[in-house]
Structure formats: structure tokens, C-alpha cells
Amino acid sequence: MALIDEILATNENFCANLPEEIKAYEHEDHHESKLPKKKLAILTCMDTRLIGLLEPAMGIKRGDAKIIKTVGNCVTGYFDTAVKSLMVAIYELGVMEIAVVGHAECGMQKTTSESLKKAMLERGISPDAIKLVEKDLIEWAEGFKDPEQNVRDVVKLLKDDPLIPKDIKVHGLLIHPRTGKLTLVSKDE
1 MALIDEILAT
11 NENFCANLPE
21 EIKAYEHEDH
31 HESKLPKKKL
41 AILTCMDTRL
51 IGLLEPAMGI
61 KRGDAKIIKT
71 VGNCVTGYFD
81 TAVKSLMVAI
91 YELGVMEIAV
101 VGHAECGMQK
111 TTSESLKKAM
121 LERGISPDAI
131 KLVEKDLIEW
141 AEGFKDPEQN
151 VRDVVKLLKD
161 DPLIPKDIKV
171 HGLLIHPRTG
181 KLTLVSKDE
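Residue numbers (the numbering used here): 1 to 189.
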């Protein structure tokens, strides 16, 4: 069975046997349900180990927060995709605080522009296509060395971002992907 077929079969079973906590949302107000109850946006890593760990470790339940995932919880500029998502969360959905959550043992620590270029070439990506993004690829991949420093850098970038209002609090945290332990990196007063 193909993975997508497995996913669809699982979903059919899930929908036929909805858990009570999901059924509670069947009659919620469509407009209100999009708004994060805690007025919080979480910018975190796409690491698979955080699925099912991050939210309970932070006390976040369905409907509490907007969660934005990127590789290494990276933000590369004042108008990158993560910032665009945060702008919608702030201006359209009422977010007032942002938690940047990095994690120990992040794979980005070992990723380099050279390892990515080599893998892309092996998968048939044209050298000309790589040249189009090479400068950005180098800055991004080589810029991540330490998860804690990356959290500090992203918090600073968001605090300095001219598109993010100054009344938005931006905090930095690290989570351990095996224990769920949160460590405060920076707290916005």
C-alpha cells in the first residue's frame, strides 16, 4: 500500500470514530475558531520529534496558538515566509506574543551549503538552478551553528523587524526533543 493510501485509510477510520475532544469542535463558530485563544504564535522547527511533544510540553491545546514550522526555526529576513505568517497571525488573528522555540540536537547544525549542493546535484538539480540561489543558500546554511544562538538571532530579528509592531512580545525557548524540557533563552518583558 502506498503511503498516501495508508494516510487516507487512516483518515477514514479516524473520521468514523472521532475522539470526543474533536467532536467538541464540530459546532464551533467558524470565525472565532481561527483566532488563537492564547493570542500566541509559536515559531519552531519542523523536526519530527517535536510532533506530539511541543504542544503538551508548553500546555498548548487545540485552538490556543498558531504554529509556524520552518527548518531550524530559521528566519532569514524581514519579509521571509515565516514573517509573512506572523504578520497574518498578528494583524488578522490577534496574536500578541511570539515564542521562538528551537531545540537541542537540531539537524541544521550539521547541514552545510556544500552538503545541500552535493545532494541537489545527485538528485538531478541543474548547476544553473543552484547558482540562482547559491549566495542565499550559503548565508542560510552556514549561518546556523548553535540552536540557542539561532533562537537569540531570530528573536532579535523579529524584535527589529519594521513589519512587527513594537508591542508584540517575542520570547525565546529551547526544548529538548527527547525529554520535552523547556529552557528559557530570552523573555520579553
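A virtual CB, placed ideally from N, CA and C, is assigned to each residue, including glycine.
Sort the options by Cα distance to residue i and report the nearest one.
{"i": "G180", "options": "D167, E26, G77, G59", "result": "G59"}
{"i": "S33", "options": "L50, K61, L132, N13", "result": "K61"}
{"i": "V155", "options": "V83, M1, I51", "result": "V83"}
{"i": "G107", "options": "E114, V71, L93, E92", "result": "V71"}
{"i": "D167", "options": "D160, D47, I67, M96", "result": "M96"}
{"i": "L137", "options": "T112, Q149, D160", "result": "T112"}
{"i": "A141", "options": "A57, Y25, D5, C74", "result": "C74"}
What's the C-alpha gap between residue i and residue j?
{"i": "I164", "j": "L158", "result": "7 Å"}
{"i": "D128", "j": "D146", "result": "31 Å"}
{"i": "S186", "j": "A9", "result": "43 Å"}
By a C-beta neighbour count over all protein chains shown, 10 Å radius and 16 as the cutoff for buried, is residue i buried or exposed?
{"i": "L43", "result": "buried"}
{"i": "H171", "result": "buried"}
{"i": "V88", "result": "exposed"}
{"i": "L173", "result": "buried"}
{"i": "A99", "result": "buried"}
{"i": "F144", "result": "buried"}
{"i": "I51", "result": "exposed"}
{"i": "L132", "result": "exposed"}
{"i": "L93", "result": "exposed"}
Practice prompt. Say whether the stretch 119 to 133 touches the stretch 78 to 89, bearing in mind that this needs 3 or more beta-carbon pairs closer than 8 Å, one atom from each stretch.
Written response: no
Can at least three beta-carbon pairs, one atom from the stretch 17 to 25 and one from the stretch 40 to 56, be found at a separation below 8 Å?
no
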